[in-house]
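These notes are about the structure you will find just below.
There are 2 protein chains.
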Amino acid sequence: MAGPETPKLMVDVIVPSEEGHVLLIRRDTDPYEGYCALPGGFVEVGETVEAAAAREAEEETGLKVEIERLVGVYSDPDRDPRGHNVSCAFLARAQEGELSAATDAAEASFLDSSEVELAFDHEKIIADALAS
Amino acid sequence: MAGPETPKLMVDVIVPSEEGHVLLIRRDTDPYEGYCALPGGFVEVGETVEAAAAREAEEETGLKVEIERLVGVYSDPDRDPRGHNVSCAFLARAQEGELSAATDAAEASFLDSSEVELAFDHEKIIADALAS
């Protein structure tokens, strides 16, 4: 594609439950293998960030979600040890489907995020999403 | 850089004046040569989106700005004829410096954005920034 090299574009999705838990996957690959993380991944060329967020949530957890709003853009160059990956974080609501791990997620469930070890800057993203 | 190809990451900056005008540059290159546009450009690897927004505003207009808040992320694949470029738009406040065109901007001034032809989806970005 034309244009200079830029950071890679990613999405993360915060899906709260009525009990205040958050939809998390347990990572089965490096980095942060074994840690919990928000569903998310790289945006594809030709796809909006909202579509990428819904696609990644469904691929990784089996749940269809409705995107509610943008929480923020997380762009600290050191936030991801794989390289400079900038994440657009979206708050979403679970619609339908059955919870099941898929693709690169080992396990998906609604968990109390304060009781698990979270990968990347996902503790901050969750705090921002639930605070506003 | 490792990882799959993603859309390119850009920033645009909305700097309103007290009179309700908006800081705009007149483009002297394709696409949209001769149209007005928000100051903005590609994010560099290793740079936060907020730093990129402040850098582009100063490079293109001579003004130092303080970033106030994220307005939105604009990711329609057809928004930029050069390719799939996703823009993080920031509202900012002018701090100091003298208005002057630089680098790829032919002319920089505070204009009534409803009275000029705007490039890309900048009419929508300005409306979103000033509405909220």
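The listed protein sequences correspond, in order, to chains A and B.
Under this note's numbering, think of the first position of the first sequence as 1, with each following residue one higher.
Under this note's numbering, think of the first position of the second sequence as 1, with each following residue one higher.
Think of the CB as a built atom: it goes at the ideal place given N, C-alpha and C, for glycine as much as any other residue.
Subject >> Where residue 43 of chain A meets chain B, residues with beta-carbon distance less than 7 Å >> reply: The contacting residues are 6 and 7.
Original post:
Where does residue 13 of chain A land, buried or exposed, given buried means 16+ other C-beta within 10 angstroms?
Top reply: By the neighbour-count rule (16 or more Cβ atoms within 10 Å), residue 13 of chain A is buried.
Subject >> beta strand (DSSP E) segments (min. 3 residues) lying fully within the segment 12-65 of chain A >> reply: Runs of the beta strand (DSSP E) inside the segment 12-65 of chain A: 22-27 and 40-42.
Subject >> residue 130 of chain A, enclosing alpha helix (DSSP H) - first and last residue >> reply: Annotation: the continuous alpha helix (DSSP H) that includes residue 130 of chain A extends over 122-131.
Original post:
Should residue 64 of chain B be labelled buried (16 or more other beta-carbon atoms within 10 Å of its own) or exposed?
Top reply: Taking all protein chains shown into account, residue 64 of chain B has fewer than 16 neighbouring C-beta atoms within 10 Å of its C-beta and is therefore exposed.
Original post:
With 8 Å set as the bound, which would you pick, yes or no: does the beta-carbon of residue 109 of chain B sit closer than that to a beta-carbon of chain A?
Top reply: With 8 Å as the cut-off, residue 109 of chain B does not count as an interface residue toward chain A.
Original post:
Buried or exposed: residue 34 of chain A, going by 16 or more other Cβ atoms within 10 Å of its Cβ?
Top reply: Burial call: exposed.
**OP:** Closer than 7 Å by beta-carbon distance: list the chain B residues that pair up with residue 46 of chain A, in chain order.
**Re:** Those within 7 Å of residue 46 of chain A in chain B are 77 and 84.
Original post:
Count the other CB atoms within 10 Å of the CB of residue 24 of chain A; is the residue buried (16 or more) or exposed (fewer)?
Top reply: Result: buried.
Subject >> Contact with chain B by residue 72 of chain A, beta-carbon distance below 8 Å >> reply: Yes - at least one Cβ of chain B is within 8 Å of the one on residue 72 of chain A.
Original post:
Whole-angstrom Cβ separation of residue 99 of chain A and residue 109 of chain A, contact assumed at under 8 Å?
Top reply: With a Cβ gap of about 7 Å, residue 99 of chain A and residue 109 of chain A count as contacting.
Subject >> Neighbouring residues, chain A, relative to residue 49 of chain B (Cβ below 8 Å) >> reply: The contacting residues are 73, 75 and 86.
Subject >> CA nearest to the CA of residue 11 of chain A, picked from B/11, B/6 and B/10 >> reply: With distances taken between Cα atoms, residue 11 of chain A lies closest to B/6.
Original post:
residue 85 of chain A to residue 29 of chain A, Cα distance in whole Å?
Top reply: The C-alpha of residue 85 of chain A lies about 17 Å from the C-alpha of residue 29 of chain A.
Original post:
Grouping DSSP H, G and I as helix and E and B as strand, with all else coil, what is residue 87 of chain B?
Top reply: Three-state DSSP puts residue 87 of chain B in a strand.
**OP:** Specify the secondary structure class of residue 115 of chain A as computed by DSSP and reduced to three states.
**Re:** Reduced to three states, the DSSP call for residue 115 of chain A is helix.
Original post:
Contact check, residue 22 of chain A vs residue 126 of chain A under 8 Å by CB: the rounded distance?
Top reply: Yes, they are in contact, since the Cβ atoms of residue 22 of chain A and residue 126 of chain A sit about 6 Å apart, within 8 Å.
Subject >> Beta-carbon contacts of residue 68 of chain B that lie in its chain and below 7 Å, excluding the five residues immediately before and after >> reply: Residues 91, 92 and 93 of the same chain have their beta carbon placed closer than 7 Å to that of residue 68 of chain B, with the five preceding and five following residues left out of the count.
**OP:** Report the residue from B/20, B/123 and B/9 whose alpha carbon sits nearest the alpha carbon of residue 36 of chain B.
**Re:** For the residues B/20, B/123 and B/9, the minimum Cα distance to residue 36 of chain B belongs to B/123.
Subject >> Assumed close pair residue 179 of chain A, residue 120 of chain B - CB separation to whole angstroms, cut-off 8 Å >> reply: Nothing can be reported for residue 179 of chain A, as the shown portion of chain A is limited to 1 through 132.
Original post:
According to the neighbour-count rule (16 or more other Cβ atoms, all chains shown, within 10 Å of its Cβ), is residue 56 of chain B buried or exposed?
Top reply: By the 10 Å Cβ count, residue 56 of chain B comes out buried.
Original post:
How should residue 131 of chain A be labelled, buried or exposed, when 16 other C-beta atoms within 10 angstroms of its C-beta is the threshold for buried?
Top reply: It counts as exposed.
**OP:** Classify residue 109 of chain A as helix, strand or coil using the three-state DSSP reduction.
**Re:** Note: residue 109 of chain A maps to strand in three-state DSSP.
Subject >> Pair within 8 Å by beta-carbon distance, residue 49 of chain B and residue 75 of chain A >> reply: With respect to residue 75 of chain A, residue 49 of chain B sits close: the two C-beta atoms are nearer than 8 Å.
**OP:** Leaving out five residues on either side along the sequence, give the residues of the same chain with a beta carbon under 7 Å from the beta carbon of residue 112 of chain B.
**Re:** If we look at residue 112 of chain B and ignore the five residues flanking it on each side, its Cβ neighbours are 21.
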